[in-house]
Structure formats: C-alpha cells, structure tokens
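A quick write-up on the structure given underneath.
Residue numbers (this note's numbering): 5 to 385.
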C-alpha cells in the first residue's frame, strides 16, 4: 500500500497500451494493489525460490533439505547472519541481493527498456537479470537518509542508462553522493491521476464522524513516519481542552508502540487507528486538516493527493516539504517539535477562516499526468 506501488498503478493506467507492450515483474504476487492492475499489463510469473528468503528460517531449512538445495540453504544462512548485524536496514537489503540473486532466473524476453521501480533490489534485478537495450533505475527517497552503502550502488549505477529521482532535493543529494553520474540523474515525479482521486473520493464511508473537527493522516506505521510524535502533539491539544479527532490510516510494525502511547495518555477518544484502507480518499476528502509527519520523503504522493482534494495541510519540515506547499499560503510547515506542531494545529482548530484560506489557495497542476508521460516517453523513445 506504499506510495511507490500506488504511483506504479497510476502510471500503468496512463501509459498508452497501443504504443507499449508492458511486462510487470514482482518478487511476490501479493498486496492490495495487485487487483488494480490494468488488464493490458502482462504479469510475469513470480520467482519460485524467492519465498525462501522471505519466509521462516525453519520452513526454508525443512523444504530445501528434502530437495537437496544445499546452495540455497547456505545463502539463506548467510542472509540471516547479515540481517542479525547492526547495519542500517537499507544496507542489509543491499548486501542480501548477492545471496538472493543466485536463485532467481532471468526473464526469457528481451526488452527495449527495463525500469527498476524502487531503489535497491529492483534496481539490482534489472542490471543483473534483465536483458534490455536500455536500463532505467530509480531512487524513490533521500539517499543519505536511508544510509545506503555507496560502494554497492556504484557498480549498478555505472551500468544504467539513467537514474530517476522524485524531487529536486533528492536529485541534489544523489548528485552529491554520486557526482560521477550527475549526467544520468533525471527528475521524474511519481504519477498521480487527478481524475481517479476525485472519483474515488466520493465513495461513501461509515466509520467517519463529523461530531468534532477531524484530522486525518495516511501512512504506514513505521519509524520513518513518526506517528508517535503525532500522539505527543495530540496530548498537548487534549490538555488544552480542544475538541478534535485524529484518524490514522495505515498499518505497520509500530502499531503496538502507538497504541501504548495512546492508552498511556488516555487519548482513546481522540485518536483512532483505522488500519489500511483500499480507498483512503473519502477520509482525506472529509477531513478538516490533513496532517503528514515524516522524517524524510522523496515525493510525498499522499500530500499531492491531499492537494488535489483541496485540504488544509500541515507538514513538519522534512527536506522536501517546501516542494509540496508554501508555508503560510496554502498550508503549514512546522519544525519537528511537538509543541510547535501543536501550536499550529491549535490555530487551525480555533480559526475556521484560516483553514478556508489554505483550502482556497492550495492547487494541483491539472496537466501533471501528461507532463510525466512526456518525460517517460522521452526516456523510452
């Protein structure tokens, strides 16, 4: 349910099916967007042995000992040891590819163009396993923030024809880390379909009450999205006797931590964790305030979607925040500090006219999708 996956679905819908024959390769055939694939997209078979690098160690050992797959067992053990180290998660994934790639076969088809649609493993797969005249790689977020190992990516970037990034800030960061590849780095924003979002936003929902002012956030419950700081913000607002409800749409490994903090601060009547929603747009559409807290973003798709729905937007000051809204004109960008964020939201709760001002000023480029398609066609053709 991530932004890159949603962007890919939108892109596949917009690409000309009469001009391009498109194969999609996924390591796993799962996820809520899988059912949304356009009919003209050919989904290639998944690699049968990949599951052993994403399943339990016990299952992998039992099934492959029976089959005599001793090389796979050795590589899985090496991968498990790597995952047990204190390296940053992104570096672990970078290193793990050398164990996984031995057990993934190359697609039989030869291609004009192959896109790696996410940093790390998809990029490595395109370079090592795909036969294509042109290879385009992607870095979907801030390279430095991920703490990736430059030395691993150098060998892949030098074989690529181009490397796409989502924002000017991400482009500058990547050029700083890889100055030798600056001529290959191309700005290519995530695809967003305004028509689709406006239509989906009209869907009726039953778990939304307008008894109080409503704040909505959409994002995975993971470390980078810092929802727990939002809980601290809501405690401050509750202590000021303000009447509001914060709805969080998303799921992740920090759910229990967030639930604990909600209970600790007696915020059960103020915060609701609604989990993943196939269609988050009616919630955003009905919200009074859209709140997005993050350590870093490449290009925040959900923020752009909130702009399409003309919401009053509050962001913290992550690096690319200022590419989404102009502070004080069409939204608020606050320092990453619980009290300062709370102060800004308090103003919006108390001042309906201020919220209306931001809603009236916020806008989205109606030609955005066509501009992205022209960039892609230029790369491909």
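Positions of the beta carbon are idealized from the N, C-alpha and C atoms, including for glycine.
Of the listed residues the options, nearest to residue i (C-alpha basis)
| i | options | result |
| --- | --- | --- |
| residue 37 | 12, 105, 138 | 12 |
| residue 27 | 251, 111, 361 | 111 |
| residue 274 | 10, 219, 203, 299 | 219 |
| residue 243 | 269, 363, 277 | 269 |
| residue 196 | 239, 234, 375, 117 | 375 |
| residue 354 | 329, 233, 293, 82 | 293 |
| residue 103 | 280, 78, 19 | 78 |
| residue 214 | 233, 191, 248 | 248 |
| residue 114 | 100, 136, 105, 130 | 136 |
| residue 95 | 84, 259, 154 | 154 |
| residue 368 | 329, 61, 359 | 329 |
| residue 379 | 181, 306, 169 | 169 |
| residue 259 | 285, 286, 227 | 227 |
The beta strand (DSSP E) enclosing residue i, as first and last residue numbers
| i | result |
| --- | --- |
| residue 31 | Run containing residue 31: none; DSSP gives neither H nor E here. |
| residue 168 | 166-169 |
| residue 337 | 335-338 |
| residue 392 | Since the displayed the chain opens at 5 and closes at 385, residue 392 lies outside it and no answer follows. |
| residue 320 | 317-320 |
| residue 84 | Per DSSP, residue 84 belongs to no beta strand (DSSP E); it is in the alpha helix (DSSP H), 74-87. |
| residue 115 | 115-119 |
Beta-carbon spacing of residue i, residue j below 8 Å
| i | j | result |
| --- | --- | --- |
| residue 289 | residue 313 | yes |
| residue 335 | residue 318 | yes |
| residue 64 | residue 300 | no |
| residue 75 | residue 57 | no |
| residue 50 | residue 30 | yes |
| residue 124 | residue 159 | no |
| residue 188 | residue 164 | yes |
| residue 327 | residue 198 | no |
| residue 190 | residue 167 | yes |
| residue 47 | residue 41 | yes |
| residue 253 | residue 281 | yes |
| residue 34 | residue 54 | no |
| residue 267 | residue 235 | no |
| residue 84 | residue 61 | yes |
| residue 346 | residue 240 | yes |
| residue 351 | residue 358 | yes |
| residue 373 | residue 18 | yes |
Residue i burial status per 10 Å Cβ neighbour count (16 or more: buried)
| i | result |
| --- | --- |
| residue 15 | buried |
| residue 43 | exposed |
| residue 217 | buried |
| residue 224 | buried |
| residue 348 | buried |
| residue 360 | exposed |
| residue 52 | exposed |
| residue 283 | exposed |
Range covered by the alpha helix (DSSP H) that runs through residue i
| i | result |
| --- | --- |
| residue 136 | Residue 136 -> not in any alpha helix (DSSP H); beta strand (DSSP E) instead, spanning 136-143. |
| residue 297 | Residue 297 -> no alpha helix (DSSP H), and no H or E assigned at all. |
| residue 235 | 231-243 |
| residue 212 | Here residue 212 belongs to no alpha helix (DSSP H), and DSSP marks it neither H nor E. |
| residue 7 | 7-18 |
Through-space distance from residue j to residue i, alpha-carbon basis
| i | j | result |
| --- | --- | --- |
| residue 389 | residue 325 | Here the chain has residues from 5 to 385 only, and residue 389 is not among them. |
| residue 212 | residue 245 | 22 Å |
| residue 298 | residue 310 | 15 Å |
| residue 332 | residue 250 | 22 Å |
| residue 237 | residue 343 | 7 Å |
| residue 118 | residue 109 | 16 Å |
| residue 10 | residue 100 | 26 Å |
| residue 151 | residue 382 | 31 Å |
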